[in-house]
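K.L.:
Can you keep this structure in mind? I'll have questions shortly.
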Amino acid sequence: MTAGAEERLTALGDVVGERDQRDATEQVARSFKRAMASVRRLRGRENHRPGELTDAQYGLLFCLRDQSEMSARDLAYAADLSPASVT
Numbered sequence: 001m002t003a004g005a006e007e008r009l010t011a012l013g014d015v016v017g018e019r020d021q022r023d024a025t026e027q028v029a030r031s032f033k034r035a036m037a038s039v040r041r042l043r044g045r046e047n048h049r050p051g052e053l054t055d056a057q058y059g060l061l062f063c064l065r066d067q068s069e070m071s072a073r074d075l076a077y078a079a080d081l082s083p084a085s086v087t
């Protein structure tokens, strides 16, 4: 095989490798979006039983585990909630 042919095959292999990596990245992104949509649907169907924590409250507790003091705005952002739902 000539040097030019080897270079072309190497370049082709690089392109195929990049495409495989892009495909894997896109697949992860799609899966993540589906998972987040499922979480949003679960939050919408949440049962509010007296004395039990909601999913949103659990999310806020995990945020507070790392930092004992946070503003309502920062809590809302960290837990992916609206600021009004944090108060």
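Residue numbers for the sequence shown follow our numbering, beginning at 1 and rising by one.
All C-beta atoms in this analysis are idealised placements derived from N, C-alpha and C, irrespective of residue type, glycine included.
Measure the beta-carbon distance from residue 75 to residue 61 and round it to whole angstroms, keeping in mind my assumption that it falls under 8 Å.
P.N.:
One-based indexing of the sequence shown puts residue 75 at position 75. One-based indexing of the sequence shown puts residue 61 at position 61. So it is not a contact: roughly 10 Å between Cβ atoms.
K.L.:
Grab the span of the alpha helix (DSSP H) containing residue 57 for me, first residue to last.
P.N.:
For the purposes of this step, residue 57 is identified with residue 57 of the sequence shown, where counting begins at 1. Its alpha helix (DSSP H) spans residues 55–66.
K.L.:
Give me the Cα-Cα distance between residue 81 and residue 19, rounded to the nearest whole angstrom.
P.N.:
Along the sequence shown, read from residue 1 onward, the residue named residue 81 stands at position 81. Along the sequence shown, read from residue 1 onward, the residue named residue 19 stands at position 19. Answer to the nearest angstrom: the Cα atoms are 36 Å apart.
K.L.:
Indicate the three-state DSSP secondary structure (helix, strand or coil) for residue 70 in the structure shown.
P.N.:
For the purposes of this step, residue 70 is taken as the residue at position 70 of the sequence shown. Residue 70 falls in the coil class under three-state DSSP.
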